[in-house]
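K.L.:
Take this structure, written in C-alpha cells, and hold onto it; I'll ask about it next.
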Amino acid sequence: MKELDVIAASRLRHDGQRYTDNRRQLVHLLEAIDAPLTIPEILQQRPDLAQSSVYRNLAVLEHAGLVQKVVTSDEWARFELAEDLTEHHHHLICSACGDVRDFTVSPRLERSIGEALGRIADDNGFTPQHHRLDLVGLCSTCQA
Numbered sequence: 310m311k312e313l314d315v316i317a318a319s320r321l322r323h324d325g326q327r328y329t330d331n332r333r334q335l336v337h338l339l340e341a342i343d344a345p346l347t348i349p350e351i352l353q354q355r356p357d358l359a360q361s362s363v364y365r366n367l368a369v370l371e372h373a374g375l376v377q378k379v380v381t382s383d384e385w386a387r388f389e390l391a392e393d394l395t396e397h398h399h400h401l402i403c404s405a406c407g408d409v410r411d412f413t414v415s416p417r418l419e420r421s422i423g424e425a426l427g428r429i430a431d432d433n434g435f436t437p438q439h440h441r442l443d444l445v446g447l448c449s450t451c452q453a
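Read in order, the letters of the sequence shown correspond to residues 310 to 453 in my numbering.
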C-alpha cells in the first residue's frame, strides 16, 4: 500500500469513515494531476465514477483533511490534495475563465511572506494555522 493510501485510510478512520475504492480512485487522480480539478474535469478523467458519488466522496475527503477546495470566480470549485500531502504552494486564478495554476516561491520569499502574515496576525490577535496566497487576474489566454 502506498504511503498516501496509509495516510488517507488513517485520516478517514479517525473521521469515522472507510477508505473505499471510489475514495482511493479520487485520491489517486488528484495525486496524478498537477492542478486543481473541477468535478466535471474529474468526471471527464474518470467517467466510470457517478457524479453523485464524486460530490459525496469529495465532501468526505475534504472533511477528513485529505482534499482542499479552491474557490474561484467561476461556478466551479476545484479540488486538490491537501497541502500537507503535497507541497506548500499558491494559486494563480483567472477571473475570466476560472483556470487555476499552482506556483511556488523561493524559500526566502516564503519566509518573508510568513513573517509579514505573522505580524498582521499578531496585530489583530489572530492565531494563524497556515496561509494560502491566491493571485487573481487574467491568464495569458484571456488577455489575448
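C-beta: ideal position from N, C-alpha, C; glycine also.
Helix, strand or coil for residue 257 per DSSP?
P.N.:
Within the shown structure, residues of the chain are numbered from 310 to 453, placing residue 257 beyond reach of any answer.
K.L.:
Our contact map puts residue 382 next to residue 423 with C-beta atoms below 8 Å; I'd like the distance itself, whole angstroms only.
P.N.:
About 26 Å separates the two Cβ atoms, so there is no contact after all.
K.L.:
Residue 446 lies in the beta strand (DSSP E); which residues open and close that run?
P.N.:
Per DSSP, residue 446 belongs to the beta strand (DSSP E) from 443 to 446.
K.L.:
Where does the unbroken beta strand (DSSP E) through residue 346 begin, and where does it stop?
P.N.:
Unbroken run through residue 346: none, as it is neither H nor E.
K.L.:
Tell me residue 400's beta-bridge partners as DSSP assigns them.
P.N.:
According to DSSP, residue 400 bridges with 411, 443.
K.L.:
Does the contact criterion of 3 or more C-beta pairs under 8 Å hold for the region 348 to 360 versus the region 368 to 379?
P.N.:
Because the criterion of three Cβ pairs below 8 Å is not met, the region 348 to 360 and the region 368 to 379 do not touch.
K.L.:
Would you report the Cα separation of residue 363 and residue 434, rounded to the nearest angstrom?
P.N.:
Going from the Cα of residue 363 to the Cα of residue 434 covers about 39 Å.
K.L.:
Quick check on the DSSP output: the alpha helix (DSSP H) that includes residue 417 runs from which residue to which?
P.N.:
Residue 417 -> alpha helix (DSSP H) spans 416 to 432.
K.L.:
Can you tell me whether residue 346 is buried or exposed? The criterion is at least 16 other CB atoms within 10 Å of its CB, across all chains shown.
P.N.:
Residue 346 comes out buried.
K.L.:
Please list, in chain order, all residues of the same chain as residue 425 whose beta carbon is under 7 Å from its beta carbon, the five residues on each side excluded.
P.N.:
Nothing meets the Cβ criterion.
K.L.:
Using only the alpha-carbon positions, how far apart do residue 401 and residue 322 sit?
P.N.:
Approximately 34 Å between the Cα atoms of the pair.
K.L.:
Could you give the DSSP three-state label for residue 390: helix, strand or coil?
P.N.:
Strand at residue 390.
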